[in-house]
Every structure is written in structure tokens, then in C-alpha cells.
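Contents: one structure, followed by commentary.
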Amino acid sequence: MLNKLNITIFIDESGTLPDPKDKVVIVAAVGTNIISQLTSVTKTIRKTRDAKKLSEIKFYRAGDKTKTKFLKTLANKNIDIFVLIVEKQGKSIKDSPENFAILCWQLIEECKLLYQNNLKKIIFDRHFHRLIDQEEFDLILTKLLKKKFAISHVDSQKVPAVNSADMIAGSVLWPTTNKNDKFYQLIKEKIIVEKTISWKKIARKFWQTKTRSNQRKRPSKTS
Numbered sequence: 003m004l005n006k007l008n009i010t011i012f013i014d015e016s017g018t019l020p021d022p023k024d025k026v027v028i029v030a031a032v033g034t035n036i037i038s039q040l041t042s043v044t045k046t047i048r049k050t051r052d053a054k055k056l057s058e059i060k061f062y063r064a065g066d067k068t069k070t071k072f073l074k075t076l077a078n079k080n081i082d083i084f085v086l087i088v089e090k091q092g093k094s095i096k097d098s099p100e101n102f103a104i105l106c107w108q109l110i111e112e113c114k115l116l117y118q119n120n121l122k123k124i125i126f127d128r129h130f131h132r133l134i135d136q137e138e139f140d141l142i143l144t145k146l147l148k149k150k151f152a153i154s155h156v157d158s159q160k161v162p163a164v165n166s167a168d169m170i171a172g173s174v175l176w177p178t179t180n181k182n183d184k185f186y187q188l189i190k191e192k193i194i195v196e197k198t199i200s201w202k203k204i205a206r207k208f209w210q211t212k213t214r215s216n217q218r219k220r221p222s223k224t225s
């Protein structure tokens, strides 16, 4: 477990919100105070024969050997892993800035509990490509977290450190699709929080929070 200042968390997801065939969506965060150690994992793996042909290392593009090597190398680094498993219960959920912010809010709250004021930066593997969607997402997420963080949305080819979150999310999703858990087992010991929650419950929490916020803003009646 990390015990340092200036923590950065990298976040990515696996599974889709709109497709009702996806039973769950996984959102994963990797916390570190030394970003270069995550970058070095990708650089090390890219030197291997199986990974050289890949434009970038993503869980569902990499072969089993590359997955195994990457996850074993990552697990040897001084990192913390946080995982949110969202049960969709057969729903098709709109992939909007608001809905994605709601998911990330629940995960980041777990990170905040551990890191307190040491959490400084949040870096997402770019989910939305339009700047207007990114800005809306940032605004909603900041309001929900009740604290302003340095938030970035990055291209994983340019910032390979964020691929660590993709690999973690994929490892957790893999067993839910009737496959074995061999990749999950490689990173299990590094997981600080693994939380399972239904989309219905998350949405209810969001609306309760939004209602309370609106009530506080409502001007008091004067006689």
C-alpha cells in the first residue's frame, strides 16, 4: 500500500454501458506516486516479441502471453488497485457524460477514503472524444466529489501509463464472461478495494445527492 504524497490515479473501464448483453461494467483505478513505474511496465512489455506488433497494449487486443507478462510486471510495482463492478441487471444505459461520471464518482470516493488529501491528479483513458463532453463530465464529477482535482483525459498511445487501468479492468471483466480467472489472480493481492454494486443503486445515490444539493440551494421563504 502506498504511503506517499502527491498520488495520481489512472482510470479506465471495461464493458459497455449501452449493450444489455454486457452483464457488468468494470471501472478500475491504479494509484501511484511514481508515474514512471507504470510507463516502464509498458516499455518493458513492448520489447517482447508478442507485443511488438501491437500499436498499444490493451487487454482485449493482447495475447495471453502479453497479458500475463504485463500483469505480473505490474503486480511487482508499488501501486494500489481499486475496482468497481457495476451490475447492469439487463439494462441498456446511455453512455453519457453524466452516467459515466456517476460510475467514476463511486470508484474515486473509495480512493479518497484511502489517500485523503494526498490524492492530487485523476487521469482517464479518454472515454469521450468531444471536448464539450469531457468538460461536462469534469463538471459533474467535480460536483459529486465536492473537491476539485486536476483531471485529464488522455490518449493511451501518448500516455501509456493509463494502459495499466485498462489491463486491470479487463482482468476483472474476463471471469464474468464465463472465462477463467487466471489474469485476475495475478493482480488480486494488489487490490485495495473491490466493490460490487448495481446500476440501480448507484443511480439512486446520485439522485439523492442531487436532491439534497438542490434543497440547499433553494432560497428560504420569507414572511
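Numbering (our numbering), first residue to last: 3 to 225.
The beta-carbon is built from N, C-alpha and C at its ideal position, and this holds for glycine as well.
Bear in mind the structure is a predicted one, so any value in this text is a computation, not a measurement.
Checking the sheet assignment: what are the DSSP bridge partners for residue i?
| i | result |
| --- | --- |
| A30 | D14, V85 |
Keeping to the same chain, check which residues put their C-beta closer than 8 Å to that of residue i; ignore five residues upstream and five downstream.
| i | result |
| --- | --- |
| E191 | A77 |
Assign residue i to buried or exposed, taking buried as 16 or more other Cβ atoms, counted over all protein chains shown, within 10 Å of its Cβ.
| i | result |
| --- | --- |
| Y186 | buried |
| N165 | buried |
| W209 | exposed |
| A64 | buried |
| K71 | buried |
| P162 | buried |
| T224 | Because T224 sits at a pLDDT of 45, beneath the cut-off of 50, its placement in the model cannot be relied upon, and the following sentence gives the value as read from the coordinates. Per the 10 Å Cβ criterion, exposed. |
| D66 | exposed |
| I142 | buried |
| P20 | exposed |
| N101 | buried |
| L152 | Going by the sequence as given, residue 152 is Ala instead of Leu. A152 is exposed by the Cβ-count criterion. |
Looking at the secondary structure, which residues open and close the beta strand (DSSP E) in which residue i lies?
| i | result |
| --- | --- |
| F126 | 121 to 127 |
| I153 | 152 to 156 |
Would you kindly report the start and end of the unbroken alpha helix (DSSP H) that includes residue i?
| i | result |
| --- | --- |
| S38 | 37 to 48 |
| V174 | 165 to 175 |
| I189 | 184 to 189 |
| I95 | Neither: I95 is in no alpha helix (DSSP H) and is coded neither H nor E. |
| K71 | 66 to 77 |
| N101 | 99 to 117 |
So, with DSSP's three-state summary, where would you put residue i?
| i | result |
| --- | --- |
| K145 | helix |
| I204 | helix |
| E58 | coil |
| K192 | helix |
Can you list, in chain order, the residues of its chain with a C-beta nearer than 7 Å to that of residue i? Leave out the 5 residues immediately preceding and following it.
| i | result |
| --- | --- |
| Q91 | S200, W201, K202 |
Beta-carbon within less than 6 Å of residue i's beta-carbon, same chain only, minus the 5 sequence neighbours each way: which residues are those?
| i | result |
| --- | --- |
| A103 | F139, I142, L143 |
Using a threshold of 8 Å, is the CB atom of residue i nearer than that to any non-hydrogen atom of the ligand NAP?
| i | result |
| --- | --- |
| G92 | Questions concerning the ligand NAP fall outside what the structure shown contains, since it holds no ligand whatsoever. |
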